[in-house]
Each structure stands twice: as C-alpha cells, then as structure tokens.
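First residue of the sequence shown: 0, per numbering that gives the first Met the number 0; consecutive thereafter. Cβ coordinates follow ideal geometry from the N, Cα and C atoms, glycine included.
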Amino acid sequence: MDFTEFETVLKEKFPGISQDKMEKFRKLEPLYRDWNSKINVISRKDIDMLYLHHVLHSLAIAEYIRASFPEQYEVMAADAREGVQDTCRILDVGTGGGFPGIPLAIMFPSARFTLCDSIGKKITVTSEVAKALELGNVETVNARAESLRGRYDYVVSRAVTSLENFLPWVKGKYSKGILYLKGGDVVEEVTRAAGLFRLRNDAVSLWPIGDWLKDPYFDGKLVIFIRA
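This is how it looks when you write it as structure tokens:
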C-alpha cells in the first residue's frame with residue numbers, strides 16, 4: 000500500500016480529516032525508510048507495507064475510540080489548543096519504533112502521549128520521528144513500564160507480550176482502560192488473564208479489526224479493550 004492508497008482509505012474511514020494530519024502521515028514513510036536504514040525497527044520486507052501493517056493497524060484504536068466513545072474522540076481529535084492536551088493522557092507501552100503511539104498522536108493532537116520502550120535504539124528512532132513531525136504532544140521515555148510514575152487515562156500497546164504478563168506492568172497506571180492490539184485466537188488468553196486478575200465479566204471487549212478494514216492482513220486481528 001502506497002501513500003495514495005492510504006490517503007484514500009483514511010479519507011473514507013475518517014471523513015473530514017485535516018490536511019495537516021494528512022501531511023504528517025505522508026511524511027512517515029520517508030522518515031521511517033531513512034531511520035530504518037540506520038537502526039532496524041521495522042523488518043526490511045515489511046517497510047513497503049508501512050501504511051497497511053503499521054499505520055492503519057495502529058489507527059484501529061482510533062476507530063474503536065470513535066465508535067465507542069464519540070465525545071472523547073471529538074475532544075482528542077480536535078486541533079490542539081493551549082491547555083487542551085491535558086484532557087487525555089495516553090501511555091504507549093513497548094512502542095518500538097513508535098506504534099501505535101505515533102499514528103495515534105497525529106490523529107489525536109489534543110491528547111498527551113508518553114511512548115516508552117526499554118530498548119534505547121528504538122526510542123531514539125521514535126523520538127526523532129516525533130521531532131521531525133513536530134508532534135508537541137509526544138514524550139518519549141527509555142524505560143520499562145513498571146518503573147514509570149504517574150497515572151494515565153488509557154494504556155495502549157501492540158502485542159508486546161501475553162496479557163497475563165502485560166497487566167502487572169501497567170497495574171494502577173490507567174483510569175479508563177487498556178487498548179491492546181493482538182491477533183490470533185485470544186479467547187483462552189483473555190479468559191486466563193480475567194481469572195488471574197479477577198476482571199469483571201463485562202470488563203473485556205474484543206473488537207475485530209477485519210470488520211472495519213477489509214484486507215486479509217487484518218483477519219483475526221483485534222482491539223482488546225479492558226475497562227478500568
């Protein structure tokens with residue numbers, strides 16, 4: 000998928016998306032190609048599918064928020080104004096090269112993002128991409144999630160580990176919920192985690208991304224929402 004195809008999909012899925020956001024998305028590919036030649040954060044066979052496999056996959060979280068919490072979505076998606084960025088704070092755990100955090104920060108300029116990863120070279124790439132895009136709503140941290148202080152509205156992540164490993168990392172760090180990108184048969188994993196951490200019966204929602212993006216790549220991929 001090239002940028003022209005991505006732009007068509009994005010305008011269809013997020014009508015009224017601003018030109019400023021679209022321009023930032025356009026800059027992603029040359030930035031990641033340049034940094035990937037120095038520090039490999041995206042597999043070389045996957046870089047050609049950056050917009051499909053990484054950017055759109057990340058934006059599935061934005062669509063979940065839009066569909067589930069439309070008022071929250073409108074506030075976060077609005078152009079940033081002084082003081083507005085503190086209305087929603089989001090922690091991206093194990094961001095790697097900046098996914099899902101960077102695409103979400105572009106889409107949600109009025110939210111404040113902290114992108115953390117324990118691998119320094121990955122955070123270097125993420126920091127430089129955020130700087131090049133002039134994303135004033137992004138902070139990057141080279142640290143393990145467990146060591147971070149503070150509390151966020153949401154925690155987001157893209158399949159960094161199993162849920163039973165992940166949940167202790169972010170315990171007490173969110174007030175609204177976790178938005179976790181994961182693929183495959185997750186029912187047993189979710190059931191096991193729910194039992195271990197005594198989650199309420201209504202605390203976990205599974206949202207199939209393939210119902211939103213009709214591409215075989217998204218078959219079996221989910222947004223898992225865990226309510227606080």
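Relative to the C-alpha of residue i, which candidate in the options has its C-alpha closest?
i    : options               : result
S204 : K121, I225, T190      : I225
C115 : V159, D218, D210      : V159
M106 : R148, F5, A61         : A61
N164 : A192, T86, A227, A142 : A192
Q18  : E6, E28, P29          : E6
K120 : T86, T139, S146       : T139
P99  : T86, E70, H56         : H56
K23  : E133, R157, L195      : E133
V137 : S67, R111, S156       : R111
R199 : G209, A227, G183      : A227
F2   : S42, H52, K44         : H52
I208 : G219, A202, D201      : G219
A77  : A104, F68, S109, V8   : S109
R143 : S117, I64, T113       : S117
K37  : E73, P69, T123        : T123
N141 : A104, Y72, G183, G97  : G97
Just to confirm, are residue i and residue j a CB contact at a threshold of 9 Å?
i    : j    : result
V189 : A59  : no
D91  : V185 : no
P102 : V169 : no
L166 : L195 : yes
W211 : K20  : no
T94  : T125 : yes
L180 : S161 : no
Taking DSSP's pairing of strands, which residues face residue i in a bridge?
i    : result
P108 : Answer by DSSP bridge pairing: none, since P108 is not bridged.
L114 : D91, T139
K181 : L221
Y72  : Paired residues: none, contrary to the question.
Need the endpoints of the beta strand (DSSP E) that residue i sits in, please.
i    : result
F224 : 220 to 226
I64  : Run containing I64: none in the beta strand (DSSP E); it sits in the alpha helix (DSSP H), 56 to 67.
V155 : 151 to 157
P207 : 203 to 207
From which residue to which residue does the alpha helix (DSSP H) around residue i run?
i    : result
I122 : 119 to 131
N164 : 162 to 168
K12  : 2 to 12
R32  : 18 to 35
Count Cβ pairs between the segment 129 to 140 and the segment 40 to 54 that sit closer than 8 Å; are there 3 or more? no
Quick one: any contact between the segment 171 to 184 and the segment 145 to 153, if contact means 3 or more CB pairs under 8 Å? yes
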